[in-house]
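Asker: Residue numbers (numbering that gives the first Met the number 0), protein chains in the order written: chain E, 0 to 164; chain F, 0 to 456.
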Amino acid sequence: MDGSAILARLRGRLGARVLETHDHLGDHTAVVASEGIVDALTFCRDDALLRFDMLMDLTAVDYLTFPGREDGPRFDVVYHLYSVAHNHRVRLKVRVEQDAPLVPTATGLWPIANWLEREVWDMFGIRFEGHPDLRRLLMYEEFVGHPLRKDYPIERRQPLIGPNV
Amino acid sequence: MPERTARELFLGEGPGTGSGSQNLYVNLGPAHPAMHGIIRIFAELDGEVVVKGDVEIGYLHRAFEKECEIGPYNNAIPYTDRLNYVSPLINNFAYASAVEKLLGIEITERCKYIRVVMSEISRVCDHLTCVGATAMELGAFTVFLYMIKAREFLWELVEDVTGARLTISYGRVGGVKADLPEGFGIKVRKAFAEVRQVLTEVHTLITGNRIFMDRMVGVGALSAEESIAWGITGPMIRAAGVPFDLRRVQPYWAYDRVEFEVPLGKNGDNFDRYLVRMAEMEQAMRMVEQALERMPEGAINVDFEGREIPVDAYVDRGKQGKTEGLLLLPIALSPNLEGQGREAQRRVNVADKKVVMPPKETTYGSIEGLMNHFMLVMDGYGIRPPAGEAYFAAEGANGELGFYVVSDGGDRPYRVRCRPPCLPPVAALPRMIEGQMVADIIPTFGSVNMIGGELDR
Chain E
0 MDGSAILARL RGRLGARVLE THDHLGDHTA VVASEGIVDA LTFCRDDALL
50 RFDMLMDLTA VDYLTFPGRE DGPRFDVVYH LYSVAHNHRV RLKVRVEQDA
100 PLVPTATGLW PIANWLEREV WDMFGIRFEG HPDLRRLLMY EEFVGHPLRK
150 DYPIERRQPL IGPNV
Chain F
0 MPERTARELF LGEGPGTGSG SQNLYVNLGP AHPAMHGIIR IFAELDGEVV
50 VKGDVEIGYL HRAFEKECEI GPYNNAIPYT DRLNYVSPLI NNFAYASAVE
100 KLLGIEITER CKYIRVVMSE ISRVCDHLTC VGATAMELGA FTVFLYMIKA
150 REFLWELVED VTGARLTISY GRVGGVKADL PEGFGIKVRK AFAEVRQVLT
200 EVHTLITGNR IFMDRMVGVG ALSAEESIAW GITGPMIRAA GVPFDLRRVQ
250 PYWAYDRVEF EVPLGKNGDN FDRYLVRMAE MEQAMRMVEQ ALERMPEGAI
300 NVDFEGREIP VDAYVDRGKQ GKTEGLLLLP IALSPNLEGQ GREAQRRVNV
350 ADKKVVMPPK ETTYGSIEGL MNHFMLVMDG YGIRPPAGEA YFAAEGANGE
400 LGFYVVSDGG DRPYRVRCRP PCLPPVAALP RMIEGQMVAD IIPTFGSVNM
450 IGGELDR
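1) Between P423 of chain F and I111 of chain E, which are expected to be in contact by the criterion C-beta below 8 Å, what is the C-beta distance as a whole number of angstroms?
2) In angstroms with no decimal places, state the Cα-to-Cα distance between L27 of chain F and T232 of chain F.
3) Which term fits K189 of chain F, buried or exposed, when burial requires 16 or more other beta carbons within 10 angstroms of its beta carbon?
4) Based on the DSSP secondary-structure assignment, which residues constitute the bridge partners of A396 of chain F?
5) Identify the continuous beta strand (DSSP E) that holds E367 of chain F and give its terminal residues.
6) Determine the DSSP secondary structure at V197 of chain F, reduced to helix, strand or coil.
7) Which of helix, strand or coil does DSSP assign to G452 of chain F?
8) Measure the Cβ-Cβ separation of R155 of chain E and L136 of chain E and say whether it is below 8 Å.
9) 8 Å is my cut-off, CB to CB: does R411 of chain F come that close to chain E?
10) Grab the span of the alpha helix (DSSP H) containing V425 of chain F for me, first residue to last.
11) Going along the stretch 95–116 of chain F in order, which residues come within less than 8 Å of chain E, judged by CB to CB distance?
12) Under 7 Å between beta-carbons, which chain E residues line up against F227 of chain F? List them in chain order, please.
13) Between the stretch 97–107 of chain E and the stretch 70–78 of chain E, can you find at least three pairs of beta-carbon atoms closer than 8 Å?
14) Can you name the start and end residues of the beta strand (DSSP E) that A29 of chain E belongs to?
15) Around the C-beta of K354 of chain F, are 16 or more other C-beta atoms found within 10 angstroms, so that it is buried, or is it exposed?
16) Check for me: the beta strand (DSSP E) holding S222 of chain F runs from which residue to which?
17) For chain E, is any of its Cβ atoms less than 8 Å away from the one on M215 of chain F?
18) Is E141 of chain E close to chain F? Criterion is C-beta to C-beta, closer than 8 Å.
19) By the 10 Å Cβ neighbour count, where 16 or more other Cβ atoms means buried, how is V89 of chain E classified, buried or exposed?
20) Please determine, among F:V187, F:A396, F:K100, the residue with the shortest C-alpha to C-alpha distance to L88 of chain F.
21) Can you pull the chain E residues whose beta carbon is under 7 Å from the beta carbon of G387 of chain F, in chain order?
22) Thinking V216 of chain F and F270 of chain F are a contact (beta carbons under 8 Å), I'd like their distance in whole angstroms, please.
23) Using a Cβ-Cβ cut-off of 8 Å (strictly less than) and excluding sequence neighbours within five positions of R411 of chain F, which residues of its own chain qualify?
24) Cα separation between F123 of chain E and N163 of chain E?
25) Please state whether the Cβ-Cβ distance between G230 of chain F and L91 of chain E is less than 8 Å.
26) Quick one, are the C-beta atoms of N371 of chain F and C129 of chain F less than 8 Å apart?
27) Under a three-way DSSP split, which group does D46 of chain E fall into?
28) Counting contacts by CB-CB distance shorter than 8 Å, is L136 of chain E in contact with chain F?
29) Looking at chain E, is there any beta carbon in it that lies within less than 8 Å of the beta carbon of L422 of chain F?
30) Using only the alpha-carbon positions, how far apart do D85 of chain E and D26 of chain E sit?
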């Protein structure tokens, strides 16, 4: 199925909950409203024509200093889906506000979402509602802050931890 | 608290647990000889059976994605070496291809073949390491030594081309660092003969070996459906019988112009993973041979006709204003400035002056070249893809290696995301070891081929 047909099918199902679509550089992308993301992912996974059975990647981007996005929602959570059955790809995005960084979890759809969402929480401080075990993945629990946020300075030192501090 | 006996304390036996015994918690790692790299498996045991496992990663986190954001686009190349450090060439090329996609440029035909050749050589190195290490942990130390010997021959090839063995930094946005050296095809043939002999020896030693099969067959199995749900790619999903190979289903570079087969397993257990990796090595070598044969030719050595003048004399003449005809004069550069011949670099790199550094002769030999070089290294200039985002996926040795690059139009990547191919299998590791024996953790973990560099980034 070609990319524009995928986007059209998503629009047909989700209606106004698809906020915008584009096919920049051949990567077909749909921006979905936060409340519709689980529906969108479920539809992508289960629809016979789409059959996006693999959650290839789940990550986020902090648009804090991005030209033109300074006042918009701060984060994008990005889902890259791939269909082994039909060999096509799509990218879904959810805009996340800085004040309420909360997205519904996809752990009920794909088990791998568990770790990927933990990484996004760890690196960006975006919470996933309904996640069974939202611990940090790469950093340790005592780490202060979320390092991939644009306002986290790369040279920041962390407080020492351990039994003898 | 009443005094507890050693048996109660260490074996969990005794009163207060209902059934008279309780489960034992065991830490494997972080620093454990069988945890190649640093990773911690926290296992709950009932006798010798693993009831539950939890995997803790992140011990090798070095802020790869954050570091990429603070330098120009090409500065990320050395960091990508350190992702999967057993097959760093694939990381280099995949990252460069993601940026090229963002820029909308097409690399030269010869460069595509070079990328295929070097990627496949790396893939053989990676599989050799994985199979060798797994075999060693099951007691077959000979296999490990043989395979490391074979890898040595391949690393000599890599060293020949890139000048380094591990941290090669050979890829560039828009091309590669240098063309293949002279006589490379002959060296490849010799090295592959050695590797093939090692593979035959290893097949004879362990493929039908009773001890090896007892430890591998039916252990750590994942079905095709489960592998897909866990996002597992690469040899592990093919061992479960899913014919998903990016080189076949979404060909990039020159993979649609070489013939190869996609080896498939059936049961998705450790033994099938081993067999798939062994078969893939042969296919990879086949691809290298074809690609070398079909690589578009061009003169390898560039003759500079006429006499050469030393570079300092050249600069002196320029300072005196005697610039007439200077551009046409060939200059003798010291070996470390010489870089590639101009023609040789033109063959492997894109012509776009906004992307690829000019050859050293041009930089030191003409004002246009110097300005071109300067514009590419100056802060705020350099490679500046238009604002946007691109995801490029290559078939890494462990599976889909994806780079998601976001540009804000500046000379530094706004965000680089690496989709590490070995993260999903490590995430699925608890699922694979649950219900198995403690001793099965080791071969299962070996077959995952965890590479700390790309797992923790």
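In this text, a Cβ means the ideal position worked out from N, Cα and C, and glycines have one as well.
Answerer: On the basis of the supplied data:
1) Working through the second sequence from its first residue, we reach residue 423 of chain F at position 424. Working through the first sequence from its first residue, we reach residue 111 of chain E at position 112. Between I111 of chain E and P423 of chain F the Cβ distance is about 5 Å, and since that is below 8 Å, they are a contact.
2) Here residue 27 of chain F is taken as the residue at index 28 of the second sequence, counted from 1. Here residue 232 of chain F is taken as the residue at index 233 of the second sequence, counted from 1. Cα-Cα distance, rounded: 26 Å.
3) For the purposes of this step, residue 189 of chain F is taken as residue 190 along the second sequence, with counting starting at 1. K189 of chain F is exposed by the Cβ-count criterion.
4) The sequence position of residue 396 of chain F within the second sequence is 397, counting from 1. DSSP lists no partner for A396 of chain F.
5) Start at 1 with the first residue of the second sequence, and residue 367 of chain F comes out as number 368. It is not in any beta strand (DSSP E) - E367 of chain F instead sits in the alpha helix (DSSP H) that spans 366–376.
6) Taking the second sequence and counting its residues from 1, one reaches residue 197 of chain F at position 198. Helix at V197 of chain F.
7) The residue given as residue 452 of chain F occupies position 453 in the second sequence. Note: G452 of chain F maps to helix in three-state DSSP.
8) Your numbering for residue 155 of chain E matches position 156 in the first sequence. Your numbering for residue 136 of chain E matches position 137 in the first sequence. Cβ atoms of R155 of chain E and L136 of chain E: not closer than 8 Å.
9) What you label residue 411 of chain F is simply residue 412 of the second sequence in a count that begins at 1. It does not; no Cβ of chain E falls within 8 Å.
10) Here residue 425 of chain F is taken as the residue at index 426 of the second sequence, counted from 1. 422–426 is the extent of the alpha helix (DSSP H) around V425 of chain F.
11) K100, L101, G103
12) As a first step, residue 227 of chain F is located in the second sequence; it is residue number 228 there, counting from the start. According to the sequence shown, residue 227 of chain F is Ile rather than Phe. Result: D52, M53, V83.
13) yes
14) Looking up residue 29 of chain E in the first sequence gives position 30. Counting along the chain, the beta strand (DSSP E) containing A29 of chain E begins and ends at 28–31.
15) Here residue 354 of chain F corresponds to residue number 355 of the second sequence, with the count starting at 1. The identity of residue 354 of chain F in the sequence shown is Val, whereas the question assumes Lys. Buried, by the Cβ-count rule.
16) Taking the first residue of the second sequence as 1, we reach residue 222 of chain F at position 223. Segment: none, S222 of chain F is in no beta strand (DSSP E) and carries neither H nor E.
17) Locating residue 215 of chain F in the second sequence gives position 216, counting from the first residue. Not one chain E Cβ lies under 8 Å of M215 of chain F.
18) Here residue 141 of chain E refers to the residue found at position 142 of the first sequence. No, E141 of chain E does not count as interfacial toward chain F.
19) Numbered from its first residue, the first sequence carries residue 89 of chain E at position 90. It is buried - the Cβ of V89 of chain E has at least 16 other Cβ atoms within 10 Å.
20) Taking the second sequence and counting its residues from 1, one reaches residue 88 of chain F at position 89. Of F:V187, F:A396, F:K100, the residue nearest in Cα terms is F:A396.
21) As a working mapping, residue 387 of chain F is identified with position 388 in the second sequence. Ordered by position in chain E, the residues that pass the 7 Å Cβ test against G387 of chain F are H23, L24.
22) To locate residue 216 of chain F, count along the second sequence from 1; it is residue 217. To locate residue 270 of chain F, count along the second sequence from 1; it is residue 271. Contact holds; Cβ gap of about 5 Å.
23) Position 412 of the second sequence holds residue 411 of chain F. The answer, listed in chain order, is E68, I69, G70, P71, Y72.
24) Within the first sequence, residue 123 of chain E is the residue found at index 124, counting from 1. Within the first sequence, residue 163 of chain E is the residue found at index 164, counting from 1. Their backbone Cα atoms lie some 30 Å apart in a straight line.
25) Against the second sequence, residue 230 of chain F aligns to sequence position 231. Against the first sequence, residue 91 of chain E aligns to sequence position 92. No, these two residues do not count as a Cβ contact at 8 Å.
26) Against the second sequence, residue 371 of chain F aligns to sequence position 372. Against the second sequence, residue 129 of chain F aligns to sequence position 130. It is not a contact, given that the beta carbons lie outside the stated cut-off.
27) Here residue 46 of chain E corresponds to residue number 47 of the first sequence, with the count starting at 1. D46 of chain E falls in the coil class under three-state DSSP.
28) On the first sequence, residue 136 of chain E is found 137 positions in, with the first residue counted as 1. By this cut-off, L136 of chain E is an interface position.
29) As a first step, residue 422 of chain F is located in the second sequence; it is residue number 423 there, counting from the start. Yes, contact with chain E.
30) Residue 85 of chain E sits at position 86 when you count from the first residue of the first sequence. Residue 26 of chain E sits at position 27 when you count from the first residue of the first sequence. This sequence places His at residue 85 of chain E; Asp is not what is there. Their Cα atoms are separated by approximately 16 Å.
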